[in-house]
């Protein structure tokens, strides 16, 4: 009789484990980390992303802002999370491709799974509409005459690029670190800095005539501001490429990854998401699945590594 009871208990335990393993996902609210402060293009797009993801997943998706190190602080937090697919990160790709090479980051590409990418950052150098220069050549003349300019920086990478430009052109760029596009725009518009780096927060201000675009940082011209030259066109062998993506911890089970991937793919087809992405922050919607995104990140990191190795 005792043996029979033990067998029954063992079978019950196995059955309970199987039920737990097959528990529908998600069974509770999810957290969406954003590594930048509120008020910029990340929070503008992220709030809509959370809303449409919540509808697709059938659970609340609660935003948690963790600004710092240009998105690196939030990435480090996600890398150590034990929440699996219940904790996600909405982020540009730079904290994953560049920061592990630029600093002693506590994470690398293998600490995450990449659910998908959905838009391309329109990276640019900007100034206020009342600044004494209106284009890149006028800015260089101003910077050389002044000898030192103030630069609002959001990431380690834009800082590095501006320092290389300053060295090449014969002036000093003093960096003022900020934790997001809203803070950058505040400093630029107040005249507290001469220029700033923008990952997309410039669109509303440019459209209103309050901010000027000096140069795009990507390989191609800005999609919605095609008259603005790239740094490469201006004669610099420098560029930044970044996509916006949804990331989960590496411990996330495959079944959860698949659920999240399906929800994301449907969410970015939602008219509300398309509107805020293309009409408000002026970024092209461009989807990459897990496999394509992982390859893109590996290639970008290899490219960036070659650039750093060429530095003196």
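Residue numbers (my numbering): 1268 to 1579. Ideal placement from N, C-alpha and C gives every residue a C-beta, glycine not left out.
Cβ shell of residue i (< 6 Å), same chain only, five flanking positions each side left out
i: residue 1324; result: 1293, 1530
i: residue 1303; result: 1309, 1334, 1447
i: residue 1362; result: 1338, 1339, 1342
i: residue 1524; result: 1380
i: residue 1434; result: none
i: residue 1410; result: 1416, 1438
i: residue 1454; result: 1419, 1460
i: residue 1384; result: 1510, 1512, 1555, 1560
i: residue 1317; result: 1299, 1328, 1330
i: residue 1500; result: none
Heavy atom of the ligand NAD within 7 Å of residue i beta-carbon
i: residue 1452; result: This structure lacks the ligand NAD; in fact it carries no ligand of any kind.
Limits of the unbroken alpha helix (DSSP H) element including residue i
i: residue 1317; result: 1308-1324
i: residue 1438; result: Segment: none, residue 1438 is in no alpha helix (DSSP H) and carries neither H nor E.
i: residue 1343; result: 1339-1346
i: residue 1452; result: 1448-1457
i: residue 1219; result: In the structure as shown, the chain starts at 1268 and stops at 1579, and residue 1219 therefore has no counterpart that could be examined.
Own chain residues within Cβ distance below 8 Å of residue i, not counting five before or after
i: residue 1522; result: 1292
i: residue 1354; result: 1297, 1298, 1300, 1345, 1348, 1515, 1516
i: residue 1583; result: Beyond the ends of the chain as shown, which are 1268 and 1579, falls residue 1583; an answer cannot be given.
i: residue 1327; result: 1296, 1297, 1321
i: residue 1487; result: 1497
Residue range of the unbroken beta strand (DSSP E) whose run includes residue i
i: residue 1331; result: 1328-1332
i: residue 1408; result: Taken as a continuous stretch (DSSP letters only), residue 1408 belongs to no beta strand (DSSP E), being part of the alpha helix (DSSP H) at 1403-1413.
i: residue 1465; result: 1462-1465
i: residue 1479; result: 1478-1483
i: residue 1510; result: 1510-1516
i: residue 1297; result: 1297-1301
Identity of the residue in the options nearest residue i by Cα
i: residue 1568; options: 1421, 1415, 1373, 1507; result: 1507
i: residue 1559; options: 1510, 1320, 1537, 1572; result: 1510
i: residue 1332; options: 1352, 1306, 1290, 1320; result: 1306
i: residue 1382; options: 1395, 1477, 1351; result: 1351
i: residue 1418; options: 1461, 1456, 1437, 1431; result: 1461
i: residue 1465; options: 1410, 1445, 1476, 1367; result: 1445
i: residue 1475; options: 1458, 1555, 1547; result: 1547
i: residue 1479; options: 1394, 1490, 1488, 1542; result: 1394
i: residue 1482; options: 1513, 1518, 1428; result: 1428
i: residue 1390; options: 1463, 1319, 1377; result: 1463
i: residue 1519; options: 1377, 1436, 1311; result: 1377
i: residue 1422; options: 1367, 1490, 1532, 1496; result: 1367
i: residue 1315; options: 1541, 1432, 1404; result: 1541
i: residue 1494; options: 1528, 1402, 1336; result: 1402
i: residue 1425; options: 1490, 1449, 1496, 1336; result: 1336
i: residue 1407; options: 1329, 1490, 1498, 1313; result: 1498
i: residue 1557; options: 1317, 1528, 1436; result: 1528
i: residue 1441; options: 1490, 1450, 1413; result: 1413
Buried versus exposed call for residue i [16 or more other C-beta atoms within 10 Å across all chains shown]
i: residue 1551; result: exposed
i: residue 1562; result: exposed
i: residue 1571; result: buried
i: residue 1539; result: exposed
i: residue 1374; result: buried
i: residue 1566; result: exposed
i: residue 1502; result: exposed
i: residue 1504; result: exposed
i: residue 1359; result: buried
i: residue 1365; result: buried
i: residue 1470; result: buried
i: residue 1526; result: buried
7 Å CB neighbourhood of residue i in its chain, flanking five on each side removed
i: residue 1387; result: 1510, 1550, 1551, 1553
i: residue 1452; result: 1468, 1472
i: residue 1457; result: none
i: residue 1431; result: 1505
i: residue 1311; result: 1543, 1547, 1548
Report task. Mind listing, in chain order, the continuous beta strand (DSSP E) runs of no fewer than 3 residues lying wholly within the region 1348-1398? Result -> For the region 1348-1398, the continuous beta strand (DSSP E) assignments of 3+ residues that do not extend past its boundaries occur at 1354-1359, 1379-1387, 1391-1395, in sequence order.
Query raised in the report: What beta strand (DSSP E) runs, 3 residues minimum, are completely inside the region 1521-1569?
Result: Within the region 1521-1569, the beta strand (DSSP E) runs of at least 3 residues that lie entirely inside it are, in chain order, 1552-1555.
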